[in-house]
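Chemist:
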Amino acid sequence: MSRCGALVAGLLCLLGAALVRAEDVISQWDAAFPTRDAPPQVYFRAGYHDDVGRTHRLEVWREADLRLRRRTDEAIDLYVEKSGSGEYEYRLIDHDRKILIRADRTTLYRIGVFSDWIGLAHVLKVPRGGYRVTEAARQSPASLRGECVWKRLELVMPIPSTSEVCWSSAWGLPLEIGHNGENEGWKSRFWIQEARSFAPKPEIFSVPREGLVEIDAGPDAEVSD
10 MSRCGALVAG LLCLLGAALV RAEDVISQWD AAFPTRDAPP QVYFRAGYHD
60 DVGRTHRLEV WREADLRLRR RTDEAIDLYV EKSGSGEYEY RLIDHDRKIL
110 IRADRTTLYR IGVFSDWIGL AHVLKVPRGG YRVTEAARQS PASLRGECVW
160 KRLELVMPIP STSEVCWSSA WGLPLEIGHN GENEGWKSRF WIQEARSFAP
210 KPEIFSVPRE GLVEIDAGPD AEVSD
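Dropping the structure here:
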(Lines of atoms letter the chains of each structure in order from A and count residues from 1; the text may use other names and numbers.)
(Lines give C-alpha, C1' and ligand atoms only; values in the text may rest on other atoms or scores of the structure.)
Protein backbone atom coordinates (compact mmCIF):
# COMPACT_ATOMS: atom_id res chain seq x y z
CA MET A 1 0.00 0.00 0.00
CA SER A 2 1.29 3.48 -0.87
CA ARG A 3 1.95 6.10 1.81
CA CYS A 4 -1.08 8.06 0.54
CA GLY A 5 -3.30 4.97 0.68
CA ALA A 6 -2.11 4.15 4.18
CA LEU A 7 -2.81 7.72 5.31
CA VAL A 8 -6.34 7.64 3.89
CA ALA A 9 -6.99 4.26 5.50
CA GLY A 10 -5.73 5.58 8.82
CA LEU A 11 -7.95 8.65 8.64
CA LEU A 12 -10.99 6.51 7.79
CA CYS A 13 -10.21 4.26 10.74
CA LEU A 14 -9.98 7.23 13.10
CA LEU A 15 -13.21 8.69 11.72
CA GLY A 16 -14.97 5.37 12.20
CA ALA A 17 -13.75 5.13 15.79
CA ALA A 18 -14.91 8.68 16.49
CA LEU A 19 -18.38 7.90 15.11
CA VAL A 20 -18.62 4.76 17.24
CA ARG A 21 -17.61 6.72 20.34
CA ALA A 22 -20.21 9.39 19.56
CA GLU A 23 -22.90 6.72 19.17
CA ASP A 24 -21.78 5.10 22.43
CA VAL A 25 -22.08 8.43 24.25
CA ILE A 26 -25.66 8.94 23.00
CA SER A 27 -26.57 5.32 23.81
CA GLN A 28 -25.18 5.57 27.35
CA TRP A 29 -26.90 8.91 27.90
CA ASP A 30 -30.25 7.54 26.71
CA ALA A 31 -29.88 4.55 29.05
CA ALA A 32 -29.31 6.90 32.00
CA PHE A 33 -31.93 9.49 31.00
CA PRO A 34 -34.49 7.68 28.80
CA THR A 35 -37.06 9.59 26.78
CA ARG A 36 -38.71 6.85 24.69
CA ASP A 37 -41.71 6.39 27.03
CA ALA A 38 -42.69 10.07 26.98
CA PRO A 39 -45.88 11.09 25.11
CA PRO A 40 -45.39 12.55 21.61
CA GLN A 41 -46.77 15.92 22.72
CA VAL A 42 -45.48 17.31 26.03
CA TYR A 43 -45.98 20.73 27.59
CA PHE A 44 -44.10 21.73 30.71
CA ARG A 45 -43.73 24.84 32.82
CA ALA A 46 -40.63 25.27 34.97
CA GLY A 47 -38.51 27.68 36.95
CA TYR A 48 -34.75 27.93 37.09
CA HIS A 49 -31.93 30.03 38.51
CA ASP A 50 -29.28 31.46 36.20
CA ASP A 51 -25.57 31.68 37.01
CA VAL A 52 -26.02 34.84 39.08
CA GLY A 53 -29.01 33.56 41.01
CA ARG A 54 -31.85 35.27 39.15
CA THR A 55 -35.08 33.29 38.80
CA HIS A 56 -36.60 32.70 35.36
CA ARG A 57 -39.77 31.13 34.00
CA LEU A 58 -39.65 28.58 31.18
CA GLU A 59 -42.46 27.09 29.11
CA VAL A 60 -41.91 24.39 26.48
CA TRP A 61 -44.21 22.73 23.95
CA ARG A 62 -42.54 19.64 22.44
CA GLU A 63 -43.89 17.46 19.63
CA ALA A 64 -41.88 14.23 19.35
CA ASP A 65 -38.55 15.08 17.68
CA LEU A 66 -40.26 17.20 15.02
CA ARG A 67 -40.71 20.64 16.54
CA LEU A 68 -40.81 22.60 19.75
CA ARG A 69 -41.39 26.03 21.17
CA ARG A 70 -39.56 27.43 24.21
CA ARG A 71 -40.72 30.62 25.91
CA THR A 72 -38.48 32.27 28.51
CA ASP A 73 -39.88 34.97 30.82
CA GLU A 74 -42.43 35.91 28.14
CA ALA A 75 -39.54 37.82 26.56
CA ILE A 76 -37.93 35.22 24.29
CA ASP A 77 -39.62 32.63 22.07
CA LEU A 78 -37.53 29.96 20.35
CA TYR A 79 -39.17 27.85 17.63
CA VAL A 80 -37.35 24.75 16.37
CA GLU A 81 -38.61 22.58 13.51
CA LYS A 82 -37.09 19.65 11.67
CA SER A 83 -36.78 20.30 7.94
CA GLY A 84 -37.27 17.81 5.12
CA SER A 85 -33.51 17.16 5.11
CA GLY A 86 -33.57 16.19 8.79
CA GLU A 87 -31.79 19.33 9.98
CA TYR A 88 -33.36 21.62 12.55
CA GLU A 89 -34.29 25.20 11.69
CA TYR A 90 -34.41 27.84 14.41
CA ARG A 91 -36.53 30.98 14.76
CA LEU A 92 -35.79 33.22 17.73
CA ILE A 93 -38.09 36.10 18.69
CA ASP A 94 -36.87 38.80 21.07
CA HIS A 95 -40.13 40.48 22.06
CA ASP A 96 -38.43 43.41 23.80
CA ARG A 97 -36.29 44.26 20.78
CA LYS A 98 -39.02 43.34 18.27
CA ILE A 99 -36.75 41.12 16.17
CA LEU A 100 -37.09 37.70 14.57
CA ILE A 101 -33.84 35.85 13.91
CA ARG A 102 -33.66 32.89 11.51
CA ALA A 103 -30.73 30.55 12.10
CA ASP A 104 -29.45 26.98 11.92
CA ARG A 105 -27.40 24.99 14.42
CA THR A 106 -24.10 25.97 12.81
CA THR A 107 -24.98 29.64 13.23
CA LEU A 108 -25.93 29.09 16.86
CA TYR A 109 -22.56 27.46 17.46
CA ARG A 110 -20.85 30.48 15.91
CA ILE A 111 -22.48 32.81 18.43
CA GLY A 112 -21.84 30.52 21.39
CA VAL A 113 -25.17 28.68 21.72
CA PHE A 114 -24.38 24.97 22.02
CA SER A 115 -27.76 23.45 22.94
CA ASP A 116 -28.84 20.70 20.55
CA TRP A 117 -32.28 19.12 20.23
CA ILE A 118 -31.84 16.91 23.32
CA GLY A 119 -30.89 19.85 25.50
CA LEU A 120 -33.68 22.06 24.19
CA ALA A 121 -36.41 19.41 24.31
CA HIS A 122 -35.37 17.48 27.41
CA VAL A 123 -33.50 20.17 29.41
CA LEU A 124 -30.34 18.13 30.06
CA LYS A 125 -27.62 18.54 27.44
CA VAL A 126 -25.43 15.58 26.51
CA PRO A 127 -21.99 16.56 27.91
CA ARG A 128 -19.32 17.40 25.38
CA GLY A 129 -16.68 15.85 27.65
CA GLY A 130 -16.46 12.87 29.98
CA TYR A 131 -19.20 12.20 32.49
CA ARG A 132 -20.42 9.60 34.97
CA VAL A 133 -24.00 8.81 36.08
CA THR A 134 -24.73 6.90 39.30
CA GLU A 135 -27.75 6.37 41.53
CA ALA A 136 -28.25 9.10 44.14
CA ALA A 137 -29.49 8.53 47.68
CA ARG A 138 -31.60 11.68 47.69
CA GLN A 139 -35.37 11.46 48.06
CA SER A 140 -38.12 14.00 47.46
CA PRO A 141 -41.92 13.94 47.44
CA ALA A 142 -41.89 13.30 43.68
CA SER A 143 -39.43 10.41 43.92
CA LEU A 144 -41.30 8.88 46.87
CA ARG A 145 -44.43 8.92 44.71
CA GLY A 146 -42.49 7.09 41.99
CA GLU A 147 -42.63 10.03 39.58
CA CYS A 148 -38.85 10.30 39.13
CA VAL A 149 -35.56 8.68 40.13
CA TRP A 150 -32.65 10.62 41.60
CA LYS A 151 -29.33 10.28 39.77
CA ARG A 152 -25.93 11.82 40.35
CA LEU A 153 -24.38 13.40 37.25
CA GLU A 154 -20.65 14.08 37.46
CA LEU A 155 -19.02 16.01 34.64
CA VAL A 156 -15.33 15.24 34.27
CA MET A 157 -14.46 17.64 31.44
CA PRO A 158 -14.06 20.45 30.54
CA ILE A 159 -15.00 21.83 33.99
CA PRO A 160 -15.64 19.24 36.72
CA SER A 161 -19.04 19.63 38.38
CA THR A 162 -21.67 17.50 40.11
CA SER A 163 -25.45 17.74 39.98
CA GLU A 164 -28.29 15.57 41.19
CA VAL A 165 -31.19 15.00 38.83
CA CYS A 166 -34.65 13.59 39.57
CA TRP A 167 -35.38 12.09 36.15
CA SER A 168 -38.89 11.26 34.95
CA SER A 169 -38.92 8.59 32.23
CA ALA A 170 -42.66 9.15 31.85
CA TRP A 171 -42.11 12.73 30.63
CA GLY A 172 -38.49 12.52 29.41
CA LEU A 173 -37.66 15.40 31.74
CA PRO A 174 -35.83 16.23 34.96
CA LEU A 175 -38.47 17.13 37.55
CA GLU A 176 -35.71 18.78 39.59
CA ILE A 177 -31.99 19.53 39.25
CA GLY A 178 -29.80 20.76 42.08
CA HIS A 179 -26.59 20.34 44.01
CA ASN A 180 -25.21 20.40 47.52
CA GLY A 181 -23.24 23.57 48.30
CA GLU A 182 -20.36 23.45 50.74
CA ASN A 183 -22.04 25.78 53.24
CA GLU A 184 -25.62 26.25 52.07
CA GLY A 185 -26.77 22.63 51.74
CA TRP A 186 -29.15 21.54 49.00
CA LYS A 187 -29.81 24.14 46.34
CA SER A 188 -32.37 23.53 43.60
CA ARG A 189 -31.56 25.26 40.31
CA PHE A 190 -34.28 23.82 38.05
CA TRP A 191 -37.74 22.55 38.93
CA ILE A 192 -40.82 21.46 36.97
CA GLN A 193 -44.05 23.10 38.08
CA GLU A 194 -46.37 21.40 35.60
CA ALA A 195 -46.06 18.68 32.96
CA ARG A 196 -48.87 17.38 30.76
CA SER A 197 -49.81 16.26 27.29
CA PHE A 198 -51.40 18.73 24.90
CA ALA A 199 -53.31 18.74 21.64
CA PRO A 200 -51.28 20.45 18.88
CA LYS A 201 -52.83 23.66 17.60
CA PRO A 202 -51.54 25.82 14.72
CA GLU A 203 -51.13 28.89 16.94
CA ILE A 204 -48.71 27.07 19.27
CA PHE A 205 -46.01 26.54 16.65
CA SER A 206 -46.89 29.29 14.18
CA VAL A 207 -44.13 31.92 14.13
CA PRO A 208 -45.62 35.44 14.27
CA ARG A 209 -44.01 38.03 12.01
CA GLU A 210 -46.19 41.11 12.32
CA GLY A 211 -44.34 44.08 13.80
CA LEU A 212 -40.99 42.26 13.88
CA VAL A 213 -37.75 43.06 12.07
CA GLU A 214 -36.52 39.84 10.45
CA ILE A 215 -32.83 39.01 10.51
CA ASP A 216 -31.34 36.13 8.51
CA ALA A 217 -28.45 34.68 10.50
CA GLY A 218 -27.82 31.78 8.12
CA PRO A 219 -24.38 30.36 7.27
CA ASP A 220 -23.65 33.08 4.71
CA ALA A 221 -24.70 35.96 6.94
CA GLU A 222 -22.46 38.03 9.16
CA VAL A 223 -23.44 37.45 12.79
CA SER A 224 -22.39 39.64 15.70
CA ASP A 225 -23.53 40.12 19.29
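If you want the working numbering, it's the 1-based position in the sequence shown plus 9.
C-beta atoms are modelled at their ideal positions from N, C-alpha and C, and glycine is treated no differently.
Please read these numbers as outputs of a predicted model, since none were measured by experiment.
1. Quick one: residues in its chain with C-beta nearer than 8 angstroms to the C-beta of T64, no 5 flanking neighbours on either side, listed in chain order?
2. A204 and W176 look like a contact to me (Cβ under 8 angstroms); what is the Cβ gap, rounded to whole Å?
3. Is S149 near K134, with beta carbons less than 8 angstroms apart?
4. State buried or exposed for W195, treating a residue as buried only when at least 16 other CB atoms are found within 10 Å of its CB.
5. Output needed for Y52: all residues of its chain with C-beta closer than 6 angstroms, excluding positions within five of it in sequence on either side, in chain order.
6. Under 6 angstroms Cβ to Cβ from L101, same chain only, skipping five residues before and after it: list those, please.
7. Could you give the residue range of the beta strand (DSSP E) that holds S197?
8. Looking at the structure shown, is P150 part of a helix, part of a strand, or coil, going by DSSP?
9. Going by DSSP, which residues form a beta bridge with F53?
Modeler: Quick look at the numbers:
1. G56, Y57 and H58
2. The pair is not a contact, with the Cβ atoms about 13 angstroms apart (cut-off 8 angstroms).
3. no
4. exposed
5. W70, R205 and F207
6. L87 and I110
7. G194 to R205
8. helix
9. V69 and A204
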